[in-house]
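**Q** Adding 3 to a residue's 1-based position in the sequence shown gives its number in our numbering. Glycine residues also receive a C-beta, built at the ideal position from the N, C-alpha and C atoms. Quantities reported herein were computed from a predicted structural model and do not represent experimental measurements.
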Amino acid sequence: MSDPFAKASATVSSKTSSPANPSASPEESTAAGVSSDDAPTAEAEHTEILPASHWAQVPHIEDSDDGDSAYEDDNASSTASLTASILEYRTVHGRTYHSERGNAQSWNPNDPLHDESMDILHHVSTLMQHGKLFLAPIDDKVKRVLDVGCGTGIWAIDFADQFPGTDVIGVDISPQQPHWIPPNLRFEVDDVTQPWTYEPSSFDYIHMRWLVGAIPDWTSLYREVYTALKPGGYFESKEASSSIQSDDGTVAPGSALDQWGKVFYAAGKKFGRTFAVIEENIQRKAMEEVGFEIIQEVDYKAPFGRWPVDENDKVVGQYNKLAIEQDVEGFLMYLWTKVMGWTKEEIQIYAAHLRRELRSPNIHPYYPMRVVVGRKPTG
Numbered sequence: 004m005s006d007p008f009a010k011a012s013a014t015v016s017s018k019t020s021s022p023a024n025p026s027a028s029p030e031e032s033t034a035a036g037v038s039s040d041d042a043p044t045a046e047a048e049h050t051e052i053l054p055a056s057h058w059a060q061v062p063h064i065e066d067s068d069d070g071d072s073a074y075e076d077d078n079a080s081s082t083a084s085l086t087a088s089i090l091e092y093r094t095v096h097g098r099t100y101h102s103e104r105g106n107a108q109s110w111n112p113n114d115p116l117h118d119e120s121m122d123i124l125h126h127v128s129t130l131m132q133h134g135k136l137f138l139a140p141i142d143d144k145v146k147r148v149l150d151v152g153c154g155t156g157i158w159a160i161d162f163a164d165q166f167p168g169t170d171v172i173g174v175d176i177s178p179q180q181p182h183w184i185p186p187n188l189r190f191e192v193d194d195v196t197q198p199w200t201y202e203p204s205s206f207d208y209i210h211m212r213w214l215v216g217a218i219p220d221w222t223s224l225y226r227e228v229y230t231a232l233k234p235g236g237y238f239e240s241k242e243a244s245s246s247i248q249s250d251d252g253t254v255a256p257g258s259a260l261d262q263w264g265k266v267f268y269a270a271g272k273k274f275g276r277t278f279a280v281i282e283e284n285i286q287r288k289a290m291e292e293v294g295f296e297i298i299q300e301v302d303y304k305a306p307f308g309r310w311p312v313d314e315n316d317k318v319v320g321q322y323n324k325l326a327i328e329q330d331v332e333g334f335l336m337y338l339w340t341k342v343m344g345w346t347k348e349e350i351q352i353y354a355a356h357l358r359r360e361l362r363s364p365n366i367h368p369y370y371p372m373r374v375v376v377g378r379k380p381t382g
C-alpha cells in the first residue's frame with residue numbers, strides 16, 4: 004500500500020474547500036499578498052465563554068459515522084547534560100509536563116500519548132506544504148540550523164536526514180526526544196524564553212513552530228533569533244490559531260468546537276501567554292520590529308475530517324482529526340484546570356461532546372495556520 008503521507012497535500016490560504024466550494028490550487032503568497040480579513044479578532048474570541056458545568060447539561064447524542072473508522076482504529080542521544088531535576092516531570096491529573104525550569108511554561112504534556120499526537124500533526128504540517136519541511140529558500144549549502152521548541156524532535160530528525168552535511172540542533176524545555184537520531188543532529192534542553200547562549204551570527208537558518216501559548220514576550224524571543232542568525236540567514240515561524248471555524252456556519256456558536264478557541268484565548272490572557280498569535284499578527288510585527296525583512300507569509304486552513312472535496316484535503320483532515328481526537332484531554336488538561344478552574348471530570352464531559360462534533364459529517368471545521376519567513380539583512 005502506498006504511503007498517503009508521501010502523496011497528499013492540503014489547501015493553502017483561504018481556499019480550503021467546503022462541499023459547496025471546490026478547492027483551488029494551493030498558492031504561496033508574498034508578504035504583501037496575504038489577507039486575514041476572515042480571521043476572528045482576538046477580542047471576539049475572549050467573549051461568550053460557557054461555564055464548565057454547561058457540558059454536563061447538554062444531552063449526549065450518538066456519534067455519527069463519517070467513514071473514518073479505518074483511521075480511528077489507529078488511535079489506539081541527547082548531548083545535553085540531563086540532571087535529575089530536569090527529569091522530575093510535573094504530573095497534572097495523570098499527565099506529565101516538563102519540570103520547573105526558568106520561565107518556561109509549556110501547556111502541552113510530554114507523555115507518549117501526546118507525543119504521538121504531535122508527531123501526527125507534524126505529518127499534517129508537511130502534507131499542507133506539499134511534502135516540504137520548510138518554506139525558506141535555503142539550499143544544500145546551509146551549514147548550521149536550529150529548531151526552537153523542537154518537541155518530539157521529529158522535524159529536526161527529518162531535516163537532518165534530508166541535509167546530512169548540515170549541523171542541526173534541536174532545543175526544547177523537555178527532554179522527550181529519541182536517542183536514535185542522525186549523526187549530524189543533537190538535542191539540547193533549555194528555556195528559550197531566557198537570554199540565549201548561542202554565539203551571535205552562528206546559524207544559517209532557524210526554525211520555530213507551535214509555541215503559541217508558551218511565550219510571554221514574542222519580540223524578545225525573535226530578537227534572540229535575530230542575534231543568533233548570520234547576516235542573510237532565514238527565520239521561519241509557523242503558528243496555529245486556536246479558533247475552530249467553518250465557512251458555511253456549521254461550527255455553531257456555543258458548540259464544543261466554537262468554545263475550544265474561546266477558552267484557550269481566555270486562558271492565555273490569564274496566563275500571560277497569548278493564543279492570539281495569528282489574530283494579532285504577532286509573527287510579522289515582531290519580526291519587523293527586531294529588523295527582519297519579511298520575504299514570505301502564507302496562510303493555511305487545516306480541516307478536521309473528510310468533508311473537503313479535494314482528495315488530498317480529505318487525507319489531511321483525517322490525520323488532523325486523529326491527532327486531536329485521540330488526546331483531546333491532553334491538549335486541555337493543564338490550562339483548563341490550572342488556569343480556568345475546570346475539573347478533570349468537566350474536561351472529560353466536554354471532550355466527549357468535542358469528539359462527537361469532530362466525527363459529524365455535517366460539520367466542516369478547520370483552524371487557521373500561518374507561516375512567516377524573514378531574512379536578516381546583510382548590510
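Per DSSP, which residues does I172 bridge with? Please list them.
**A** As a first step, residue 172 must be located in the sequence shown, where it is residue number 169. According to DSSP, I172 bridges with L149, R189.
**Q** How many Å lie between G154 and Q180 at the Cα?
**A** Residue mapping note: residue 154 aligns to position 151 of the sequence shown, counting from 1. Residue mapping note: residue 180 aligns to position 177 of the sequence shown, counting from 1. Using only the alpha carbons, I get a separation of about 7 Å.
**Q** Taking 7 Å as the cut-off, decide whether the C-beta atoms of L188 and A159 are in contact.
**A** Within the sequence shown, numbered from 1, the residue matching residue 188 stands at position 185. Within the sequence shown, numbered from 1, the residue matching residue 159 stands at position 156. Yes.
**Q** Give the C-beta separation of V301 and V215 to the nearest angstrom, bearing in mind that I take them to be a contact with Cβ-Cβ under 8 Å.
**A** The residue you call residue 301 lines up with position 298 of the sequence shown. The residue you call residue 215 lines up with position 212 of the sequence shown. Going by Cβ atoms, the distance from V301 to V215 rounds to 17 Å, so no, they are not a contact pair.
**Q** Is the number of C-beta pairs between the region 230 to 245 and the region 307 to 321 that are closer than 8 Å three or more?
**A** Judged by Cβ distances under 8 Å, the region 230 to 245 makes no contact with the region 307 to 321, as fewer than three pairs qualify.
**Q** Quick check on DSSP: helix, strand or coil for E296?
**A** Position 293 of the sequence shown, counting from 1, holds the residue named residue 296. Strand.
**Q** Identify the continuous beta strand (DSSP E) that holds E2 and give its terminal residues.
**A** Outside the displayed range of the chain (4 to 382) lies residue 2, so it cannot be described from this structure.
**Q** May I ask you to report which of helix, strand or coil DSSP gives F206?
**A** Here residue 206 refers to the residue found at position 203 of the sequence shown. If DSSP states are grouped into helix, strand and coil, F206 belongs with the strands.
**Q** Should Q432 go down as buried or exposed, given a rule of 16 or more other Cβ atoms within 10 Å for buried?
**A** The requested residue 432 does not occur in the structure, where the chain is confined to residues 4 to 382.
**Q** Can you tell me whether Y268 is buried or exposed, with buried defined as 16 or more other CB within 10 angstroms of its CB?
**A** The residue labelled residue 268 in the question sits at position 265 within the sequence shown. Y268 comes out buried.
**Q** Excluding sequence positions up to five away, which residues of its chain have a Cβ less than 6 Å from the Cβ of H210?
**A** As a position in the sequence shown, residue 210 is number 207, starting the count at 1. D150, E239.
**Q** Pick from Y369, N323, R226, W199: whose alpha carbon is nearest that of T129?
**A** Start at 1 with the first residue of the sequence shown, and residue 129 comes out as number 126. Among Y369, N323, R226, W199, the Cα nearest to that of T129 belongs to N323.
**Q** D175 and G152: beta carbons closer than 7 Å?
**A** For the purposes of this step, residue 175 is taken as residue 172 along the sequence shown, with counting starting at 1. For the purposes of this step, residue 152 is taken as residue 149 along the sequence shown, with counting starting at 1. For D175 and G152, yes; Cβs fall inside 7 Å.
**Q** Using 10 angstroms around the beta-carbon of K146, count the other beta-carbons present and answer buried if the total reaches 16, otherwise exposed.
**A** For this step, residue 146 is matched to residue 143 along the sequence shown. Counting Cβ neighbours within 10 Å, K146 comes out exposed, since fewer than 16 surround it.
**Q** Can you look up W302 in the DSSP assignment and give me helix, strand or coil?
**A** In the sequence shown, counting from the first residue as 1, residue 302 sits at position 299. Looking at the sequence provided, one finds Asp at residue 302 rather than Trp. In the structure shown, D302 sits in a strand (DSSP, three-state: E or B).
**Q** For Y268, report the span of its alpha helix (DSSP H) as first-last.
**A** As a position in the sequence shown, residue 268 is number 265, starting the count at 1. Taken as a continuous stretch (DSSP letters only), the alpha helix (DSSP H) holding Y268 covers 259 to 274.
**Q** Cβ atoms of G382 and F295: under 7 Å apart, would you say?
**A** Here residue 295 is taken as the residue at index 292 of the sequence shown, counted from 1. Here residue 382 is taken as the residue at index 379 of the sequence shown, counted from 1. Contact flag unset, no.
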